[in-house]
Amino acid sequence: DDLTSIGWGMDRQWGRCFRYAILALVGIIYLASLTPHWFDTSDSALYLMLAENLEAGKGYTLWGYPHVHVPPGFPVLLAALDVVGLGSHGGLNVAMLAMGLITIYVAYLAIRDLRGDEQAFLAVVTVLAFSSAMHRASVRVLSDMPFMLLVWIGLLCFGRGIKRGGYWFECGTIALLASLWMRVVGLPLAAAAAVTLALIGLKNKQHRLTMNAAVLFVGTAATGFFFYLYQRHYTAAFDLPSYGSMVNKVGERSRFDILIRPFEQFLQTGSHFSELLTGQPNASLGMAMGILWIPVALGIWNGWRRREYLPLAVLVGYLGPLLVVRALLPRYLIPVAPILILFFLDGLRQIIAATPGVRRFAPRVLVTFCLIMLSMNVPKCIGLIYRLQWSQAENLRGMPGEVREVAAFLHSHAGEGDLFVSPARERQLGYLSRVDSIPSAARYLETGRVDADSLKAWLERGVVFVVNAPENRHAKSGNRQRIREICRDNGLELVYASSTYEVYSARPNEIPLTARKLDRPGAEASAAQ
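Now the structure itself:
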């Protein structure tokens, strides 16, 4: 009693034309997104700097310190792409888009094997491929697409192995183990999949599946233990940002908060799931959008009745641990989006079918719903294409491109061994300027935990420039004025001032007056003071 049993609501010829039109539009949108420019985000700058250090023989380091925040898999992939001639921004964009399209196809194959062709096409191609969140993830140099691709290769291989046997099991094990080195959140996902596969293997007496599940579980546990020891070793020696600090913050919550917060974040994630479907931010609706979990829950129940245990385990193993920490933005829902969309459409179908007098229209309603989602997302995709291709004078997030101007200023005036610190966008500034920073400095600056003595200690470590960046959502209120006062107390002089950025120098005499930029009204008076 699923979508395949009630049909498309259109004859075969129209269904074929619908498919071809959708696939052609997917190809046009994704190919039109190819650009030689870099989509500058903080995480992207981090990965690119780590890859450059690996290629330069500096090890897995950032600004001279061991890096413990993200696994090395994606930086290694970026370094490998550079070796084969795809190291330019344009080449990396081609690789990311190709992985995005391959991921869509692999997810389609996996869900088609699970449910049937029609529902797979609706869930993966018509909704997921046109999701502005999926499109955006495919044009950024981030670990999102490699991680999602490996996860879905693993699910496809295990799904086919359960039905056909053979070497599909080994391929699935390798893919899921490789995904652990792309993103840390792959650990609970792989562990949940391993336990589920072991139970399926024991029940079906598929010894090869059981052995692969055991290898997957042991490999996941060993990888997680290695990550833990590695970050513990270096965070004991250096003050470095890591996922361990996030886990510690969760442990500091009260028992009541630990019980209630995940439920609250689960409901808030509903608004982000709505954004994943429609492309439209629904933050103002907040937890009210948690109503979207009702059809998802019905779809999950149907999946349990159909014994679709593997996708259920992956969904719970991925979402469960993350919801303990935070509400999930669309970017973090993307890896399991095909499963979520599949269960959502299945639950929506059940609600429609249970409504008197409209069951016979259920196929048409579902197709219409998918087309509405398409019409809401395509304009967002076109807007992103415009910014990618014709709006490079501005930052790709619609903000003035002053980050590049500040980076050029630092690059021109920083000497060898000079450092800078900034409360925000320090990774983009570091990547573009080729000037090092201190890994933990931004965290202290943005939260207002730096005083004159702290800055003095940084100056002794080689910090020459302090960038006073716009406050982000994590920054303490009034932080910009506080940083100005701390710089003044330590004798730093304003040498760059725009509408949003300020740069203070500990060696202002080395920067000629003609090279300074004090465009903001009143900046000259501030510099004189």
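Numbering of the sequence shown is given in the working numbering, commencing with residue 100 and proceeding in unit increments.
No residue lacks a Cβ here, since even glycine has one placed at the ideal position from N, Cα and C.
All figures in this text were calculated on a predicted structure; none of them were measured in a lab.
query, result
"Test item: CB-CB of Ala144 and Gln527 under 7 Å", "yes"
"Entirely enclosed alpha helix (DSSP H) segments - the stretch 499–539, minimum 4 residues", "501–512, 525–532"
"Residue burial classification, Phe324 (beta-carbon count within 10 angstroms, cutoff 16)", "exposed"
"Stretch-stretch touch, CB-based, cutoff 8 Å, three pairs: the stretch 397–410 with the stretch 294–306", "yes"
"Unbroken beta strand (DSSP E) run spanning Val635, endpoints", "This structure cannot settle anything about residue 635, because the visible part of the chain is limited to 100 through 628."
"Residue closest to Asp675, alpha-carbon to alpha-carbon, out of Leu221, Gly285, Cys270, Leu254", "Residue numbering for the chain in the displayed model covers 100 to 628; residue 675 lies beyond these limits and cannot be assessed."
"Backbone CA spacing between Leu414 and Leu249 [nearest angstrom]", "15 Å"
"Assigned secondary structure, Leu161 (DSSP; H/G/I helix, E/B strand, else coil)", "strand"
"Where the beta strand (DSSP E) through Leu593 begins and ends", "592–596"
"Contact under 7 Å by Cβ, Leu279 with Asp142", "no"
"Opposing strand residues paired with Tyr603 [DSSP bridges]", "Val565, Leu593"
"Nearest candidate by alpha-carbon position, reference Leu227, set Asp517, Ser373, Ser521", "Ser373"
"contact_flag[the stretch 502–513, the stretch 521–536] where n(CB pairs < 8 Å) is 3 or more", "yes"
"Ala426 and Gln367 closer than 7 Å at C-beta", "yes"
"Spatial distance of Ile201 from Arg503 (CA atoms)", "33 Å"
"Same chain only: Cβ atoms within 6 Å of Gly253, ignoring 5 sequence neighbours per side", "Gly271, Ala274, Leu275"
"DSSP-derived helix/strand/coil call for Pro620", "Model confidence at Pro620 stands at a pLDDT of 49, short of 50, so the residue's coordinates are unreliable; what they give is reported in the following sentence. Correct three-state label for Pro620: coil."
"Contact check, His168 vs Pro340, beta carbons under 7 Å", "yes"
"Unbroken stretches of the alpha helix (DSSP H), 4 residues or longer, contained in the stretch 365–433", "392–404, 408–424, 429–432"
"Collapsed DSSP secondary structure at Gly172 in the structure displayed", "helix"
"DSSP-derived helix/strand/coil call for Leu473", "helix"
"The stretch 548–559 in contact with the stretch 169–183 per 3-pair CB rule at 8 Å", "no"
"Distance between beta carbons of Ala222 and Leu375, contact taken as under 8 Å", "12 Å between Cβ atoms; not a contact."
"Anticipated Cβ contact below 8 Å, Phe337 with Tyr164, distance rounded", "6 Å"
"Backbone CA spacing between Ile128 and Asn192 [nearest angstrom]", "14 Å"
"Where Leu279 sits in the DSSP three-state scheme", "coil"
"Own chain partners of Thr309 with C-beta closer than 7 Å, once the 5 adjacent residues on each side are dropped", "Ala297, Gly300, Leu301"
"Span separating the alpha-carbon of Pro287 from that of Pro607", "51 Å"
"N-terminal and C-terminal residue of the alpha helix (DSSP H) that Trp137 is part of", "Trp137 -> no alpha helix (DSSP H), and no H or E assigned at all."
"Three-state secondary structure assigned by DSSP to Arg583", "helix"
"Val549 versus Phe519, Ala293, Ser536, Arg581, residue with shortest Cα-Cα distance", "Arg581"
"Other residues of its chain near Arg259: CB distance less than 6 Å, five sequence neighbours each side excluded", "Trp267"
"Status (buried if at least 16 other CB within 10 Å, exposed otherwise) for Val403", "First, the residue type needs correcting, since residue 403 is Trp and not Val in the sequence shown. Flag for Trp403 reads exposed."
"Alpha helix (DSSP H) segment containing Ile252, residue limits", "243–263"
"Exposure of Gly156, with buried meaning 16 or more beta-carbon neighbours within 10 Å", "exposed"
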